[in-house]
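Visitor: First the structure, which I've put down as structure tokens, then a few questions once you've had a look.
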Amino acid sequence: MANGRILHTMLRVGDLDRSIAFYTDIMGMKLLRKSDNKAYQYTLAFVGYSDESEGAVIELTYNWGTSEYEMGNAYGHIAIGVEDIYATCEAIQAAGGNVTREPGPVKGGTTHIAFVRDPDGYQIELIQCS
1 MANGRILHTM LRVGDLDRSI AFYTDIMGMK LLRKSDNKAY QYTLAFVGYS
51 DESEGAVIEL TYNWGTSEYE MGNAYGHIAI GVEDIYATCE AIQAAGGNVT
101 REPGPVKGGT THIAFVRDPD GYQIELIQCS
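Residue numbers (full-length UniProt numbering): 1 to 130.
Quick look at the structure:
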């Protein structure tokens, strides 16, 4: 599939407004679009750093009436590249976000990483890109 590209990653969330606030207010993404499906009782919200035509985004899926999910042990994390991992983590913490691994070199390497946990427990890895 030579012309393929990743469009989005879908996460099921228990409180859509809380998740939108986390990804927009704390992680600095934009709410790109939101839609309700009354027939099947779910709402989708797409968030990202740029328009969907320019890069991958996150699809937040809220199934009406479901407030939590089991994480399971197969899910890993979403990775986001940042220019200044230390300043980014300080801003996330100042905004009320949960940094679960402080920024620093990855074990056995030199790349600086950190981890953040979203309100539903999903992990987000931040990777120093510059």
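Ideal Cβ placement from N, Cα and C applies to all residues, glycine included.
Please classify M10: is it buried, with 16 or more other beta-carbons within 10 angstroms of its beta-carbon, or exposed?
Guide: Against the sequence shown, residue 10 aligns to sequence position 10. So M10 counts as exposed.
Visitor: If we ignore side chains and look at the alpha-carbon of each, how far apart do T66 and G14 end up?
Guide: As a position in the sequence shown, residue 66 is number 66, starting the count at 1. As a position in the sequence shown, residue 14 is number 14, starting the count at 1. The alpha-carbon atoms of T66 and G14 are separated by roughly 6 Å.
Visitor: Report the option in T111, I85, G108 whose CA atom is closest to the CA atom of V99.
Guide: As a first step, residue 99 must be located in the sequence shown, where it is residue number 99. Minimum Cα distance to V99 is reached at I85.
Visitor: At the level of alpha carbons, what is the spacing between residue 139 and P119?
Guide: Residue 139 falls outside the range modelled here, since the chain spans only 1 to 130, and no answer is possible.
Visitor: What's the gap between the Cα of L44 and the Cα of G81?
Guide: As a working note, residue 44 is residue 44 in the sequence shown. As a working note, residue 81 is residue 81 in the sequence shown. So the two alpha carbons sit approximately 25 Å from each other.
Visitor: Rank W64, F22, I20, L31 by C-alpha distance to the C-alpha of N37 and give the top, closest one.
Guide: As a position in the sequence shown, residue 37 is number 37, starting the count at 1. The residue with the shortest Cα to Cα distance from N37 is W64.
Visitor: For S130, is the classification buried or exposed, using 16 other Cβ atoms within 10 angstroms of its Cβ as the cut-off for buried?
Guide: Here residue 130 refers to the residue found at position 130 of the sequence shown. It counts as exposed.
Visitor: What does the Cβ neighbour count give for S53, buried or exposed, with the cut at 16 atoms within 10 Å?
Guide: Position 53 of the sequence shown, counted from the start, is the residue given in the question as residue 53. Answer is exposed; the Cβ neighbour count stays below 16.
Visitor: Unbroken alpha helix (DSSP H) runs of length 4 or more, entirely within the UniProt domain "VOC" (5 to 129): which are they?
Guide: Listed in chain order, they are 16 to 21, 85 to 94.
Visitor: How about I58: is its C-beta nearer than 9 Å to some C-beta of chain D?
Guide: Protein chains in the displayed structure number just one, and chain D is not present.
Visitor: Here's a check: name, in chain order, each residue in its chain whose Cβ is nearer than 6 Å to the Cβ of I58, leaving out the five neighbours to either side.
Guide: Indexing the sequence shown from 1 puts residue 58 at position 58. Cβ neighbours of I58 beyond the five flanking positions: T9, V47.
Visitor: Please list, in chain order, all residues of the same chain as I124 whose beta carbon is under 8 Å from its beta carbon, the five residues on each side excluded.
Guide: Taking the sequence shown and counting its residues from 1, one reaches residue 124 at position 124. Excluding positions up to five away in sequence, the list reads M27, H77, I78, A79, I80, F115, V116, R117, D118.
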